[in-house]
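J.: Letter 275 of the sequence shown, counting from 1, is numbered 275 in full-length UniProt numbering, and no numbers are missing. Where a beta carbon is used, it is the ideal one built from N, C-alpha and C, also for glycine. Below you'll find the structure I mean.
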Amino acid sequence: MATTTKIPKVKVDVLVDNIALQQYEDDEEGQVSPATVTKYIEAQSGAEFVLRNVFDEKPKYDVKVRVYMDGSYVCGEILRLKGFHKGTYKQTIDGARSTKDGMWVLAKFSFSDLKTVDSISRPCKDRLVKDLKELGQISVKFNYITNLRPSTSALPTFSKGEGFDEVPEKALKGTAISHQVLLRDPIPTGGSSFLISDYVDPDRRPFLTVNFKYRSRAALKSLLIIPRSPSPVPLEERDVDSLSLEETRELIRRQREREAAALAVKRERGIKRGRSRERSRTVSDFDGGNDVSFISAKRLKLPVTLNEDGAEMIDLT
């Protein structure tokens, strides 16, 4: 889990089916600040997920938690000091809450495949590149707040982001981004209080930011975030006693195929050698019982000279 040693100590996890996803170190990411933690996680297409924040200690102020998906603000939750008791405090964010037709609804988070297209056939606009800058990243920001009070403005309404249908490969710039986050269709949920507050830090700087870069397992391997699967040891190099019955049969089949192929090559070479000997065989009794060796089948060229009248003369001696 992503953990900070700052006060208060906070642990952040991404859960799928109530199981925390394994987190991997981002070795290439420079240390932006002590208040920022970045991890890699594996994204599975179609999987719904939730965020879980665990506070081991009581904070100094109320806390606002803001969630960003692919660079866009999605939702916010408030942790009030009066909700903290002895021990740890857990908070789960399972989606974006808003109102629709006067009712509170919940749109759950989910991972979705990102379809890429040939960048040569389509232009890559600067605006699109900017929109994709934080694609493939979930950010959770924690701010100290004070002066909590009910909001007098209208309640937030539901607005579902459609995501990207297609993305030019050129716009991704070799980032191995494989997925995007989408919101599911809204479902009815319990009512919530809509509060506003003031930030303790006048610049609204969070005391903690946790980033999760989500990628497919294949992408994580290509980035060397997780080890590549080792190549299987060939059957021919394994200990015979370690082979299963099926593997033993496969090994015997391969050996028989190699032996049959070697025999076929041997037979073919024997046929070719026989033909070669037939062509170079010595010819006997060519002229009056005298042995003559046939050396070449090429036509013999006789010397040609010209006489004093310019006529060609061939020497037959």
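Among the candidates ILE187, ARG149, LEU51, whose CA atom is the shortest distance from the CA of ASP101?
T.: Looking up residue 101 in the sequence shown gives position 101. Nearest option by C-alpha distance: ILE187.
J.: Determine the DSSP secondary structure at GLY83, reduced to helix, strand or coil.
T.: The count along the sequence shown starts at 1 and reaches residue 83 at position 83. Note: GLY83 maps to helix in three-state DSSP.
J.: Assuming the contact rule is C-beta atoms closer than 8 Å, ILE78 and ASP56 should be a hit. Round their C-beta distance to whole Å, please.
T.: The residue you call residue 78 lines up with position 78 of the sequence shown. The residue you call residue 56 lines up with position 56 of the sequence shown. Contact flag wrong, Cβ pair sits at about 19 Å.
J.: In the structure shown, what three-state DSSP assignment does LEU132 receive?
T.: The sequence position of residue 132 within the sequence shown is 132, counting from 1. Three-state result, LEU132: coil.
J.: Short of 6 Å in beta carbon distance, which residues of its chain neighbour SER222, apart from the five on each side in sequence? Order them along the chain.
T.: Here the question's residue 222 lines up with position 222 in the sequence shown. Excluding sequence neighbours, SER222 sits near ALA176.
J.: When burial is assigned at 16 or more other CB atoms within 10 Å of the CB, is MET69 buried or exposed?
T.: Your numbering for residue 69 matches position 69 in the sequence shown. Flag for MET69 reads buried.
J.: What first and last residue would you give for the beta strand (DSSP E) that runs through SER98?
T.: One-based indexing of the sequence shown puts residue 98 at position 98. Element bounds for SER98: 95–100.
J.: Cα separation between VAL181 and ASP26?
T.: Here residue 181 refers to the residue found at position 181 when the sequence shown is read from its first residue. Here residue 26 refers to the residue found at position 26 when the sequence shown is read from its first residue. Taking the straight line from one Cα to the other gives about 20 Å.
J.: Using 10 angstroms around the beta-carbon of ASP287, count the other beta-carbons present and answer buried if the total reaches 16, otherwise exposed.
T.: As a working mapping, residue 287 is identified with position 287 in the sequence shown. Reliability of the predicted coordinates at ASP287 is poor, the pLDDT of 48 falling under 50, and the value obtained from them is presented with this limitation in mind. The residue is exposed, with fewer than 16 neighbouring Cβ atoms inside 10 Å.
J.: Going by the CB atoms, is the gap between LYS39 and GLY136 shorter than 8 Å?
T.: On the sequence shown, residue 136 is found 136 positions in, with the first residue counted as 1. On the sequence shown, residue 39 is found 39 positions in, with the first residue counted as 1. The answer is no: Cβ separation not under 8 Å.
J.: Is ASN143 near LYS64, with beta carbons less than 8 Å apart?
T.: Stepping through the sequence shown from its first residue, residue 143 is reached at position 143. Stepping through the sequence shown from its first residue, residue 64 is reached at position 64. A contact, by the Cβ cut-off of 8 Å.
J.: Flag this pair as yes or no: are the beta carbons of LEU195 and SER151 separated by less than 8 Å?
T.: Working through the sequence shown from its first residue, we reach residue 195 at position 195. Working through the sequence shown from its first residue, we reach residue 151 at position 151. Yes, the pair counts as a contact, with Cβ atoms nearer than the cut-off.
J.: Is the separation between the beta-carbon of ASN46 and that of SER110 shorter than 8 Å?
T.: Here residue 46 is taken as the residue at index 46 of the sequence shown, counted from 1. Here residue 110 is taken as the residue at index 110 of the sequence shown, counted from 1. Reading the sequence as shown, one finds Gly at residue 46 and not Asn. For GLY46 and SER110, yes; Cβs fall inside 8 Å.
J.: Can you say whether SER284 is buried or exposed, counting buried as having 16 or more other CB atoms within 10 angstroms of its CB?
T.: Sequence index remark: in the sequence shown, residue 284 carries index 284 (1-based). Any reading at SER284 must be qualified, since the residue scores a pLDDT of 44, below 50, and its modelled position is unreliable; the value itself is stated next. Its Cβ having fewer than 16 others within 10 Å, SER284 is exposed.
J.: For LEU224, is the classification buried or exposed, using 16 other Cβ atoms within 10 angstroms of its Cβ as the cut-off for buried?
T.: Position 224 of the sequence shown, counted from the start, is the residue given in the question as residue 224. Under this definition LEU224 is an exposed residue.
J.: If you run the structure through DSSP and keep just helix, strand and coil, what is GLY270?
T.: On the sequence shown, residue 270 is found 270 positions in, with the first residue counted as 1. Residue state, collapsed to three classes: helix.
J.: Which complete alpha helix (DSSP H) runs does the segment 161–248 hold, if anything under 4 residues is left out?
T.: Listed in chain order, the complete alpha helix (DSSP H) runs (minimum 4 residues) inside the segment 161–248 are 169–172, 217–222.
J.: Since ALA67 and ILE93 are thought to touch, with beta carbons under 8 Å apart, how far apart are those beta carbons, to the nearest angstrom?
T.: As a working note, residue 67 is residue 67 in the sequence shown. As a working note, residue 93 is residue 93 in the sequence shown. First, the amino acid is wrong: residue 67 is Val here, not Ala. Indeed, because the Cβ distance is near 6 Å, the residues count as touching under 8 Å.
J.: Within 10 Å of its beta-carbon, does LYS90 have 16 or more other beta-carbons around it, so buried, or fewer, so exposed?
T.: Counting from 1 along the sequence shown, the entry for residue 90 is found at position 90. It is exposed - the Cβ of LYS90 has fewer than 16 other Cβ atoms within 10 Å.
J.: Taking DSSP as the reference, what is the three-state secondary structure of ALA107?
T.: Working through the sequence shown from its first residue, we reach residue 107 at position 107. In this structure, ALA107 counts as strand in the three-state DSSP scheme.
J.: Let's test the definition: count the other Cβ atoms within 10 Å of the Cβ of HIS179 and tell me whether it reaches 16, buried, or not, exposed.
T.: Counting from one through the sequence shown, the residue named residue 179 turns up at place 179. Its Cβ being crowded by 16 or more others within 10 Å, HIS179 is buried.
J.: Where does ALA261 sit, in a helix, a strand or coil, going by DSSP?
T.: In the sequence shown, the residue the question calls residue 261 occupies position 261. In this structure, ALA261 counts as helix in the three-state DSSP scheme.
J.: Among the residues of its own chain, which have a CB less than 7 Å from the CB of ASP113, if the five just before and after it don't count?
T.: Residue mapping note: residue 113 aligns to position 113 of the sequence shown, counting from 1. SER45, HIS179, listed in sequence order.
J.: In this structure, how does DSSP classify GLN255 when only helix, strand and coil are distinguished?
T.: Here residue 255 is taken as the residue at index 255 of the sequence shown, counted from 1. Reduced to three states, the DSSP call for GLN255 is helix.
J.: Going straight from the alpha carbon of LEU183 to that of GLU48, what length do you get?
T.: Counted from its first residue, the sequence shown places residue 183 at position 183. Counted from its first residue, the sequence shown places residue 48 at position 48. Between LEU183 and GLU48, the C-alpha separation is close to 9 Å.
J.: Does DSSP put GLU42 in a helix, a strand or coil?
T.: Stepping through the sequence shown from its first residue, residue 42 is reached at position 42. GLU42 falls in the strand class under three-state DSSP.
J.: Using the C-alpha atoms, what's the distance from LYS141 back to CYS75?
T.: Within the sequence shown, residue 75 is the residue found at index 75, counting from 1. Within the sequence shown, residue 141 is the residue found at index 141, counting from 1. So the alpha carbons of these two residues sit roughly 11 Å apart.
J.: DSSP has PRO150 in a bridge; who is on the other side?
T.: Reading the sequence shown from its first residue, position 150 is the one you call residue 150. Answer is LEU195, bridged to PRO150.
J.: Please state if the CB of VAL54 and the CB of LYS82 are separated by a distance shorter than 8 Å.
T.: Start at 1 with the first residue of the sequence shown, and residue 82 comes out as number 82. Start at 1 with the first residue of the sequence shown, and residue 54 comes out as number 54. In this structure, VAL54 does not lie closer than 8 Å to LYS82 by Cβ.
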